[in-house]
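Numbering (the numbering used here), first residue to last: 9 to 412.
Where is the CB? At the ideal position from N, CA and C, for every residue including glycine.
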Ligand code: PMP
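Pasting the structure below:
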């Protein structure tokens, strides 16, 4: 009925090799697709050389592969130009890049608006910027269901606001952000919008132009690609006006003992040797993602999520965090069971071949706002099926018998 086509699970080498595993932690790291792994191996065994430096054929082949990966990423994002696409080591690096480089164009008294629902990687860099420059940092609160409380926007997004930096989708509650409303509010006052797409990009190709945003950050390891690589997309004219973040080789125009000039973007923001094979692997994953029927995948994931929520709601005392409405959330479900610590829950589940995450999920302000310190999270990706959900519900039965 609702099972993932066997072939789909089989396209992921780790899952194919461990048929007994119920992997429900794709919000932390999704499994790598075979095509991405193959692309990494092919690159490392046939084209391994540094980029932007060599004049020999091997280095030229590496250059070509790396720049083709940038073109693929630009298509995945519907960017206007490949020059707007920067390879980083991951979403965290992308967000820090914006906080330093765009942050470097802000002055004391300018306001950056984030939300209570942010992952720490879109929280702490702005606190650090506040310490360095004296910007004002304001928080969009969340509702009891963990959604951004947009009624508060008029007082937060006014003429002092220079940037609105929010998550596209919460890594704890799965709540999708109403990006259109935020973009409209930001545009009215000339503020820029950064979207942390770490949880969004896994759920399909993005259209940064249609979203109307200015920056988009995501990680390769959550998009069925290798670890150690991520992306930052930024509007061309903004990137051109930004100073670099990291400095060193590859990002300069000219260096003299007196001063240095910068290369144009994207090279200005890619100091040092980039994650070359990882970028090539990520491009293979993104290419594969672009070939999929996303409406069908979303419908399947939503059905699995509903099934999971129905089962969880039958557990006495269990508290679900996040929005009630299915369409308001990605297939990420966090919950608390009174008296049971998520680490203990996850350990018992692990003994039953279930991989889930428990803890504060790098979102302590959000958990505090929801009245929780820690919680257990199950996240569904396109390779999960009904057997995974049934195993989770059975596993929680064992948890209750063993621990409660
Ligand atoms: N933002 C969100 C919403 C996330 O879920 C994560 C990863 N959990 C990050 C940022 C950071 O991503 P990474 O660890 O890949 O840099």
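Through-space distance from residue 166 to residue 386, alpha-carbon basis | Mapped onto the chain shown, residue 386 falls at position 378. Mapped onto the chain shown, residue 166 falls at position 158. Each residue's CA atom was taken as its position, placing residue 386 and residue 166 some 38 Å apart.
Does DSSP put residue 299 in a helix, a strand or coil?
-> Along the chain shown, read from residue 1 onward, the residue named residue 299 stands at position 291. The answer is coil: DSSP assigns residue 299 none of H, G, I, E or B.
Could you tell me if residue 9 is buried or exposed, where buried requires 16 or more neighbouring beta carbons within 10 angstroms of its beta carbon?
-> Sequence index remark: in the chain shown, residue 9 carries index 1 (1-based). Bear in mind that a pLDDT of 38 at residue 9, under 50, signals an unreliable position, so the model cannot answer this.
What do you reckon, is the C-beta of residue 229 under 8 Å from a heavy atom of the ligand PMP?
-> On the chain shown, position 221 is the one that residue 229 refers to. Distances between the C-beta of residue 229 and the heavy atoms of the ligand PMP include at least one below 8 Å.
Residue interval of the alpha helix (DSSP H) (run including residue 119) | Counting from 1 along the chain shown, the entry for residue 119 is found at position 111. It is not in any alpha helix (DSSP H) - residue 119 instead sits in the beta strand (DSSP E) that spans 119 to 123.
Determine the direct distance from the alpha carbon of residue 309 to that of residue 11, and round the result to whole angstroms.
-> For this step, residue 11 is matched to residue 3 along the chain shown. For this step, residue 309 is matched to residue 301 along the chain shown. The predicted model places residue 11 with a pLDDT of 45, which falls under 50 and marks its position as unreliable; any figure quoted below should be read in that light. The alpha-carbon atoms of residue 11 and residue 309 are separated by roughly 10 Å.
Can you name the start and end residues of the beta strand (DSSP E) that residue 225 belongs to?
-> For this step, residue 225 is matched to residue 217 along the chain shown. That run of the beta strand (DSSP E) goes 223 to 227.
Host beta strand (DSSP E) of residue 115 (start-end) | Residue 115 sits at position 107 when you count from the first residue of the chain shown. It is not in any beta strand (DSSP E) - residue 115 carries neither H nor E in the DSSP assignment.
List the residues that DSSP assigns as beta-bridge partners of residue 270.
-> For the purposes of this step, residue 270 is taken as residue 262 along the chain shown, with counting starting at 1. As computed with DSSP, residue 270 is found in a beta bridge with 260.
Smallest Cα separation from residue 197: which of 161, 181 and 226?
-> Walking along the chain shown from the start, residue 197 turns up at place 189. If we check each option's Cα against that of residue 197, 161 comes out closest.
Inter-stretch contact (C-beta, 8 Å, three-pair minimum) for the region 71 to 82 and the region 281 to 295 = Contact annotation: the region 71 to 82 touches the region 281 to 295, with at least three C-beta pairs closer than 8 Å.
Hey, out of 339, 277, 258 and 238, whose CA is closest to residue 58's CA?
-> The residue you call residue 58 lines up with position 50 of the chain shown. Measuring from the Cα of residue 58, the nearest candidate turns out to be 258.
Using only the heavy atoms of the ligand PMP, determine whether one of them is closer than 8 Å to the beta carbon of residue 130.
-> Here residue 130 refers to the residue found at position 122 when the chain shown is read from its first residue. For residue 130, the CB falls within less than 8 Å of some heavy atom of the ligand PMP.
Classify residue 406 as helix, strand or coil using the three-state DSSP reduction.
-> Translated into the one-based positions of the chain shown, residue 406 becomes position 398. It is helical.
Can the beta-carbon of residue 313 be found less than 9 Å from the beta-carbon of residue 337?
-> Working through the chain shown from its first residue, we reach residue 313 at position 305. Working through the chain shown from its first residue, we reach residue 337 at position 329. In contact: residue 313 and residue 337 (Cβ atoms closer than 9 Å).
Delimiting residues of the beta strand (DSSP E) encompassing residue 342 = Residue mapping note: residue 342 aligns to position 334 of the chain shown, counting from 1. Its beta strand (DSSP E) spans residues 340 to 344.
Taking contact to mean at least 3 C-beta pairs separated by less than 8 Å, is the region 245 to 259 in contact with the region 35 to 44?
-> no
Complete alpha helix (DSSP H) runs within the region 61 to 140 (minimum length 4 residues, chain order) | 65 to 85 and 99 to 109
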